[in-house]
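This report refers to the structure that appears directly beneath it.
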Amino acid sequence: MTLDPALRTRLHRLLADYGAKVRSLIDGHGLGQYGIDPADIEQEVRIRLWKALERDRNAAFHTSFIQRVVLTVVIDAIRAANARPVEALPEAVDDAGTAFIDPSAGPERNASGINDFDRIVGCMAELPERRRKAVALHLQGFSLREIGELSGTSEEAARKLLDRGLQSLRESLAVSGIVGDIE
Amino acid sequence: MNNSKFGKTDVAKLYRRFTRSRAAAAPLPEVEALLALADGQQSDETERLLADVARSGMHADLLRFTRALAPESARLGAQLDRALERPAADHARRGRHATHAATPQRGWLRAAASVAAGLVVAIAVWSVQRTHAPSSAATTAAATEKSDRIFAALNEPSSARGPESDRIFHADFKPDEIFHGKFSGG
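Take a look at the structure:
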C-alpha cells in the first residue's frame, strides 16, 4: 500500500490512540492479574491492525473486526501466560485451596475466606438455575440492566429473579452460620 | 464463625475474589462467543459462556472488557473511514453482524458472489422460459379451439341444438290477459 506520509502519520496516530485506550481498558478491567502485559497487548494490536490496513485499505473496519483483533490478542496472551511453567516453590503444597489464598491477608483470615466461599457456593447451588445465574452475575458486579441483557430478559424480570435469589441465599447463609452482606 | 471474628462477610467481594483466583482452571472463552454474548445474542454457546461468566471472575472481566471495547472500536472504525476518505459506514450497527469484514479476500469474495448471483438469475430466467413455452402454446391452442366453437355453433343446424335451446324465444306466450280481458259490456 502506498500512502502519502501525512496520511501514514495520521493512521499511525489513530492506531496509537486506540492502542492506548485498549491498554487503559485492560488496566481498568484488571486483566493484568491474569498474567498479561498491557503494553505487549497494545503493541500487538497496533501491529495487527496496521497489517490489516496494509492488506486492504479499502476494507471497512467494522467494530466487530476491531474487537475481534483485540480479543484474539488478549486471549492468546492469557493462554500463553497460563501455559508458562510456574516456578515450583520449595515447599509447594499440593492443595487446590492454596490458589485462592490472598497473600495480603493473614492465614487465619484466608482459611476462613475459603470456607465461607465454599459455603456460599454451596448455598447458591440450592437456588433454581435462573435465580442462581442472576445472583452470580450480581455478585460478579453486573448491573440489573446488564443481567437482563445478557440473560435475554427485561430489567424488571432480572430484578425479580435477583430479589428472590438473594432472599433465598440470605436465608441459606444464615442457616450455614454466615451473616453476609450481599447488597 | 466469620461474623464473630471478622464482622459481616462481604459476600460479593468474597465471591469475586475467589472466582478470580480460580480462573486459571477455567477454559478460556471463544472470541466469537464472547462477542455474541456481549452483543446480547442468545444461543447455546452464549448460554454456556454466561454460565462460565457467573462462576469465573476472569470470564466476567473479559465480558466487561469486550463491552467496554465496543464504543472505542466503533470510534476507530469511523476515524479510519474519515482518514481514508471512505463513505462512512454505520460501525455501531453493522459491526455487530459483519463477522468477516476487512479480510484480504473481501474484494474477491464480493466479485465471486456477484458472478454467482448473476448466473443463478440467468439460469432461473432460462428455465422459466423453457418451462412456460410449451404450456403457453397449449393454452393458446385451447383458447383458439374454444373461441372457434363459439362461431362454429352458429353454423350448426338447429336440429343439432339440444332440446333445451333458447326457452325465451320458444316460450309459449300467453295472450295478454289485460288487453283480452273480458270487459263485459265496457
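Chains as they are written, first to last, in the working numbering: chain A, 29 to 211; chain B, 621 to 806. Every residue, glycine too, gets a C-beta built ideally from N, C-alpha and C. As the structure is a prediction and not an experimental result, all values here were calculated from the model.
Quick check: the Cα distance between residue i and residue j, rounded to an integer number of angstroms?
| i | j | result |
| --- | --- | --- |
| Arg41 (chain A) | Glu199 (chain A) | 56 angstroms |
| Lys161 (chain A) | Ala698 (chain B) | 36 angstroms |
| Leu53 (chain A) | Gly150 (chain A) | 33 angstroms |
| Val98 (chain A) | Thr91 (chain A) | 11 angstroms |
| Leu165 (chain A) | Ala690 (chain B) | 21 angstroms |
| Thr37 (chain A) | Thr181 (chain A) | 46 angstroms |
| Pro647 (chain B) | Gly677 (chain B) | 12 angstroms |
| Pro33 (chain A) | Leu43 (chain A) | 15 angstroms |
| Thr30 (chain A) | Leu39 (chain A) | 13 angstroms |
| Gly660 (chain B) | Glu667 (chain B) | 11 angstroms |
| Val735 (chain B) | Ile743 (chain B) | 12 angstroms |
| Ala67 (chain A) | Gly738 (chain B) | 49 angstroms |
| Arg702 (chain B) | Arg83 (chain A) | 18 angstroms |
| Glu652 (chain B) | Gln662 (chain B) | 13 angstroms |
| Phe638 (chain B) | Val740 (chain B) | 58 angstroms |
| Thr723 (chain B) | Glu174 (chain A) | Unreliable placement is indicated for Thr723 (chain B), whose pLDDT of 42 sits below 50; the coordinate value is still reported in the next sentence. Rounded to whole angstroms, Thr723 (chain B) to Glu174 (chain A) spans 32 angstroms at the Cα level. |
| Ser767 (chain B) | Val748 (chain B) | Bear in mind that the predicted position of Ser767 (chain B) carries a pLDDT of just 43, short of 50, making it unreliable; the figure below should be weighed with that in mind. About 28 angstroms. |
| Ala124 (chain A) | Asn110 (chain A) | Unreliable placement is indicated for Ala124 (chain A), whose pLDDT of 38 sits below 50; no coordinate value is reported for it. |
| Glu692 (chain B) | Arg112 (chain A) | 31 angstroms |
| Gly715 (chain B) | Leu700 (chain B) | Low confidence applies here, because Gly715 (chain B) scores a pLDDT of 46, under 50, leaving its location unreliable; read the following figure in that light. Cα to Cα, the separation comes out at about 14 angstroms. |
| Pro649 (chain B) | Ile142 (chain A) | 26 angstroms |
Under 8 angstroms between the Cβ atoms of residue i and residue j?
| i | j | result |
| --- | --- | --- |
| Ile69 (chain A) | Val50 (chain A) | yes |
| Gly193 (chain A) | Glu183 (chain A) | no |
| Leu807 (chain B) | Leu670 (chain B) | Because residue 807 (chain B) is not part of the residues shown, which for chain B are 621 to 806, the question remains open. |
| Arg74 (chain A) | Gly47 (chain A) | yes |
| Gly169 (chain A) | Arg695 (chain B) | no |
| Leu190 (chain A) | Arg158 (chain A) | no |
| Arg863 (chain B) | Ala88 (chain A) | Given that chain B is displayed from residue 621 to residue 806, the structure contains no residue 863 (chain B) and the question cannot be resolved. |
| Val163 (chain A) | Leu172 (chain A) | no |
| Leu634 (chain B) | Ile106 (chain A) | no |
| Leu81 (chain A) | Ile94 (chain A) | no |
| Gly58 (chain A) | Asp664 (chain B) | no |
| Arg96 (chain A) | Leu704 (chain B) | no |
| Arg640 (chain B) | Gln61 (chain A) | yes |
| Asp146 (chain A) | Ile206 (chain A) | no |
| Ala186 (chain A) | Ser196 (chain A) | no |
| Val631 (chain B) | Leu167 (chain A) | yes |
Cβ closer than 7 angstroms: which chain A residues qualify as neighbours of residue i?
| i | result |
| --- | --- |
| Asp681 (chain B) | His57, Gly58 and Leu59 |
| Glu665 (chain B) | The premise fails here: Glu665 (chain B) is roughly 13 angstroms from chain A at the closest Cβ pair, so nothing lies under 7 angstroms. |
| Ser693 (chain B) | Thr91, Ile94 and Gln95 |
| Arg675 (chain B) | Ala164 |
| Arg684 (chain B) | His57 |
Strictly below 8 angstroms CB to CB, what residues from chain A border residue i?
| i | result |
| --- | --- |
| Val651 (chain B) | Arg96, Leu99, Thr100 and Ile103 |
| Arg706 (chain B) | Asn86 and Ala88 |
| Gly738 (chain B) | Under the 8 angstroms cutoff, chain A gives no residues; its nearest Cβ is about 22 angstroms from Gly738 (chain B). |
| Gln699 (chain B) | Leu42 |
Applying a beta-carbon distance threshold of less than 7 angstroms, which residues of chain B neighbour residue i?
| i | result |
| --- | --- |
| Leu180 (chain A) | A small correction: the amino acid at residue 180 (chain A) is Gly; Leu does not occupy that position in the sequence shown. Here the neighbours are Gln662. |
| Ile148 (chain A) | Val631, Leu634 and Tyr635 |
| Leu189 (chain A) | Chain B residues near Leu189 (chain A): none, gap ~13 angstroms exceeds 7 angstroms. |
| Gln71 (chain A) | Within 7 angstroms Cβ-Cβ: nothing; Gln71 (chain A) doesn't reach chain B, min ~16 angstroms. |
| Leu35 (chain A) | Ala703 |
Would you mind telling me which residues of chain B sit closer than 8 angstroms to residue i, beta carbon to beta carbon, in chain order?
| i | result |
| --- | --- |
| Gly141 (chain A) | Leu634, Arg637 and Phe638 |
| Ile106 (chain A) | Leu648 and Met678 |
| Arg38 (chain A) | Ala703 |
| Leu172 (chain A) | Chain B residues near Leu172 (chain A): none, gap ~14 angstroms exceeds 8 angstroms. |
| Leu53 (chain A) | Phe685, Ala688, Leu689 and Glu692 |
Quick one: list the residues of chain B neighbouring residue i, beta-carbon separation under 9 angstroms, in chain order.
| i | result |
| --- | --- |
| Gln195 (chain A) | Within 9 angstroms Cβ-Cβ: nothing; Gln195 (chain A) doesn't reach chain B, min ~13 angstroms. |
At 9 angstroms on the CB atoms, spell out the chain A contacts of residue i, in chain order.
| i | result |
| --- | --- |
| Leu670 (chain B) | Lys161, Leu165, Leu178 and Ser179 |
- Does the pairing of the segment 668 to 687 of chain B with the segment 93 to 102 of chain A give three or more beta-carbon distances under 8 angstroms? yes
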